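The numbering of the sequence shown is this note's numbering, which starts it at 1261 and goes up by one. All C-beta atoms, glycine included, are put in the ideal place defined by N, C-alpha and C. Here the structure is a predicted model, which is why all the values come from computation and not from measurement.
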Amino acid sequence: METFSERVAAWVRAVPSGRVVTYGQVATLAGSPGAARQVSGVLRRETLRDAWFPWHRVVNAQGGISTYKVGEGELQAALLAREGVVVVDGALRLEVYLWRPAEDGPPPKPNR
């Protein structure tokens, strides 16, 4: 059985380039609604283990980019911009860039 961290990592890896998900959405997809804060801890750990982990595709519920311990979010904004996501004043339009797996593609397969 996969752990919460493994499920979070699998869902974040499944987010297509140029799309984003919210912390709460990832928590719900991983089977733990209400665990949005724990998602950020998983992202930090996964980024330390895998430099290519797409942490930058996770934003807050208002479409705001992360700024916790990373200045004003310049790195996340730059990584998203490389994928075609327009970030203005530290936020993006969720109605344009939000990934909806049920509509946009299948759920990820376990990494086993």
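- Here the alpha carbon of P1361 sits roughly 11 Å from the alpha carbon of V1280.
- Three or more beta-carbon pairs separated by less than 8 Å link the segment 1264-1281 to the segment 1298-1309, which places the two stretches in contact.
- The beta-carbon separation of G1284 and G1344, rounded to 24 Å, does not stay under the 8 Å limit for a contact.
- Fewer than three pairs of CB atoms, one per stretch, sit closer than 8 Å, so the segment 1345-1352 makes no contact with the segment 1306-1314.
- CA-CA distance, W1315 to R1273, rounds to 8 Å.
- Positions of the beta strand (DSSP E) runs, each at least 3 residues long and wholly inside the segment 1310-1342, cannot be given because no such run exists.
- Annotation: the continuous alpha helix (DSSP H) that includes L1289 extends over Y1283 to L1289.
- 8 Å or more divides the Cβ of V1319 from the Cβ of V1286.
- Boundaries cannot be given for W1359, as no alpha helix (DSSP H) includes it and DSSP labels it neither H nor E.
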